[in-house]
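In the numbering used here, the protein residues as written are 643 to 1041.
A virtual CB, placed ideally from N, CA and C, is assigned to each residue, including glycine.
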Amino acid sequence: MIITAKRLITGDGKTVIPQGAVLLKDGKIQEVGEYAVLRAQHPEVTCVEEYGDATLLPGLIDMHVHIGYWYNRRDKELYDKYLVGYMALDIAQRALRSGVTTMRDLSSAGGVCQSLIVASKKGFLRIPRIIHCNKALNATGGHAWQAGDSIVEVDGEDEIRKAVREQVRAGAQWIKVMSSHRTPGISEYTQEELNVAVDEARRNLRKTAIHSSLQPSLEYAVNAGFDTIEHGTDLTEDQAERMIAKGMAWTPTVLVHHNAYTRLQAIIDAGESHNLNEAQWQTYRIYGASNASFRRNLKAFHDMGMTIVSGTDMIGEGAKPAPVAAELAVMVEYGLTPLQAIAVGTSNCARVLGMEGEIGILAAGAQGDILVVEGDPMADIGTLEKVKAVYSSGEKVCE
């Protein structure tokens, strides 16, 4: 099969092919190039999908999802393990239809991601490729301790080592640690505990992610050498430089902060601030600061050489699942070019996942994960939400 459109963005952050095309065979990309050239070289191909004034690009990747989070639902008492599974499946399927072909789940109800992976391999259902941590490690009473079976509360170096091994046993490909919430000056884990978490994960050939927004948690996280720092609101330039030197990556999750702040700012601008309760005012202040930090640092850290990856962290009831396109649009608003933002949502993620050349790129040998969108995202990044078709491992899953 040949798929072609007016333009093709490979996902490497720089390459655009006018009248580009992809040759697919057995679920993988065989060749990428100009349509006229591929057509002339492969007259035997009879199946051609032509999308006209549209753009081909790699399937998007969301590096921070929680498809099995149920604890913040208004009717959470209804969520037994079966309903959690149905919810997770619905979120994953809707994400796939939006063009997200791979996702990294950073803590959900224990076992739900692994069950979905097995069901997908058996052909029972079609969902994005899932990489997961099973449950996150959390200090007793630390951030998100209320998240039920999405976390495991552990303290001390020996408990942490055992918990890492338990997550590996449960199928986790990554290890996730929680280490800060909304209180500056507090790290919920000590430096020694974080060092142990990274050491034990690496001993078990697993990569590591840490929920860390504020100091000194961020300093401890950089020292420990986690593979990704999630949120990283108060990262300093010095810490960014050390992250780059260590090969660490940053998942800023700008969209969730941007949306919360924008929503509350609109209420204030409308003269309705008296309707905000104290918790909303606290959120407004915190997310106002984080948005200012992201606007200041996103492009600056990117230009320094920081590997930035897309992660949406949208767990609110009614939120759109894995809205990577919207996340990338905010990154463009904060200073990245559309091509840079698309690389953040594709090839950067693949590299961090250890899957460079397999996903997140339109290139020979890669999986046939392809998103087709209307128009030109280089002129309007918002067109990433105008999905015309999605291919997963060469199979069209929606149109």
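Going by C-alpha distance, which of ASN846, GLY960, VAL994, ILE802 is nearest THR870? VAL994
Determine whether the beta carbon atoms of ALA839 and THR850 lie at a separation below 8 Å. yes
Member of GLN815, LYS648, ASP955, ASP704 whose CA lies at the smallest distance from the CA of VAL697: Note that residue 697 corresponds to Thr in the displayed sequence, not to Val. It is LYS648.
Buried versus exposed call for GLU914 [16 or more other C-beta atoms within 10 Å across all chains shown]: exposed
Cβ-based neighbour list, GLN815, same chain, cut-off 6 Å, excluding 5 preceding and 5 following: ILE773
From ILE659 to ALA1021, what does the alpha carbon distance come to, in whole angstroms? 15 Å
Out of curiosity, what's the CA-to-CA distance linking GLU975 and ARG937? 9 Å
Please say whether GLY987 and ILE703 have beta carbons closer to each other than 8 Å? yes
Reducing DSSP to helix, strand and coil, say where LYS777 ends up. coil
Pairwise C-alpha distance: ALA789 and LYS718: 11 Å
Identify whether SER952 lies in helix, strand or coil by the three-state DSSP scheme. coil
Per the DSSP calculation, SER822 is bridged to which residue(s)? SER822 pairs with nothing; no bridge assigned.
Which residue wins for smallest C-alpha separation from GLU969, given the options ILE793, SER989, GLY753, HIS899? HIS899
In the DSSP output, what is ALA851 paired with across the bridge? LYS818, THR870
Cβ-based neighbour list, ARG803, same chain, cut-off 7 Å, excluding 5 preceding and 5 following: VAL838, GLU842
Whole-angstrom distance between LEU738 and LEU767, CA atom to CA atom: 12 Å
Applying the criterion that 16 or more other CB atoms from any shown protein chain within 10 Å of the CB defines a buried residue, is CYS689 buried or exposed? exposed
Do TYR1033 and GLY1010 have their C-beta atoms within less than 8 Å of each other? yes
Looking at C-alpha atoms only, which residue of LYS670, GLU801, MET820 is the closest neighbour of TRP787? MET820
Let's test the definition: count the other Cβ atoms within 10 Å of the Cβ of LYS818 and tell me whether it reaches 16, buried, or not, exposed. buried
Residues in its own chain within less than 7 Å of ASP1018 by CB, not counting five upstream and five downstream? ARG649, THR697, THR1025
Count the other CB atoms within 10 Å of the CB of GLN1043; is the residue buried (16 or more) or exposed (fewer)? The shown model of the chain, from 643 to 1041, leaves out residue 1043, and the question about it has no answer.
Unbroken alpha helix (DSSP H) run spanning ASP732, endpoints: 723-739
Work out the CA separation of GLU799 and ALA967 for me, nearest whole Å. 39 Å
Would you mind reading off the limits of the beta strand (DSSP E) that contains VAL796? Segment: none, VAL796 is in no beta strand (DSSP E) and carries neither H nor E.
If CYS775 sits next to LEU748, beta carbons under 8 Å apart, how far is it from one beta carbon to the other, in whole angstroms? 6 Å
Keeping to the same chain, check which residues put their C-beta closer than 6 Å to that of TYR926; ignore five residues upstream and five downstream. LEU906
Assuming contact is defined by CB atoms lying nearer than 8 Å, are GLY727 and ALA985 in contact in what I supplied? no
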